[in-house]
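Peer 1: Each residue of the sequence shown is one higher than the last, beginning at 183 in this note's numbering.
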Amino acid sequence: MSLEFVEKIDLKKLVDMLLAAYADEWIASYYYTLTAYTIKGQNSEEISEHFLEEAEEEWKKHARMIADRLQDLGIDPPREFSKLWEISGCKYPEIPSDPYDIDGWIIAAVKAEECAIKAYRELFSYTHGKDPVTEELAEDILRDEVRHRTALLNLLSSEGAKRIQGKS
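1) Quick one: is Gly286 buried, meaning 16 or more other Cβ sit within 10 Å of its Cβ, or exposed?
2) Go ahead and pull the three-state DSSP assignment for Glu327.
3) Measuring CB atoms only, is the region 262-280 touching the region 320-336, in the sense that at least three cross pairs come out at less than 8 Å?
4) Taking the C-alpha atoms as reference points, what is the distance between Glu341 and Phe306?
5) From this set, His244, Ala301, Glu240 and Gly256, which residue's C-alpha is nearest Lys194's C-alpha?
6) If you draw a straight line from the C-alpha of Glu276 to the C-alpha of Val315, how long is it?
7) Less than 8 Å between the beta carbons of Ile229 and Ile221, yes or no?
8) Could you pull the start and end residues of the alpha helix (DSSP H) that Leu338 belongs to?
9) Assign Ser264 to one of two classes, buried (16 or more other C-beta atoms within 10 Å of its C-beta) or exposed (fewer than that).
10) What is the rounded straight-line gap between the Cα of Lys293 and the Cα of His310?
11) State the Cα-Cα distance for the pair Arg251 and Ser226, rounded to the nearest angstrom.
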């Protein structure tokens with residue numbers, strides 16, 4: 183049943199979109215973990231904990247959901263970790279060199295979430311009415327990514343909020 187589509191769909195395009203999303207989840211997980219262990223300063227412990235929780239959700243939930251869908255389609259995830267960067271649709275925004283620039287680290291994560299939101303909206307639109315299994319997967323993960331972005335925005339200081347709005 184998982185291979186039956188309501189309408190004809192370009193399977194290669196679907197697989198490419200799923201592989202890019204899979205890569206994005208692993209890359210986000212890495213950078214969120216890096217952020218958690220790198221940032222220093224006021225509220226860094228609380229913010230680090232938030233990043234560790236998000237990192238875990240990216241690989242433990244999202245990457246796994248996508249890998250399961252790829253398996254449904256007869257596709258294995260990439261075997262080479264370096265391939266993830268190559269096929270990633272989002273990569274990761276530039277991160278600050280200063281571990282005390284917590285707002286800068288959060289802003290990079292917000293940009294990553296915005297890229298993920300765009301990618302899952304595109305996956306949802308592409309599969310809407312054609313592939314209900316992937317459509318539901320995209321909708322579920324999209325909901326999580328929007329929640330992540332909101333939580334990250336709420337972690338910003340007032341100065342960080344101005345920076346992300348381009349007012350500083």
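We put the CB at the ideal spot given by N, CA and C, even for glycine.
Peer 2: On the basis of the data shown:
1) buried
2) helix
3) no
4) 35 Å
5) Gly256
6) 34 Å
7) Contact: yes.
8) Premise fails: Leu338 is in no alpha helix (DSSP H) and is neither H nor E.
9) exposed
10) Rounded to the nearest angstrom, the two C-alpha atoms are 25 Å apart.
11) 36 Å
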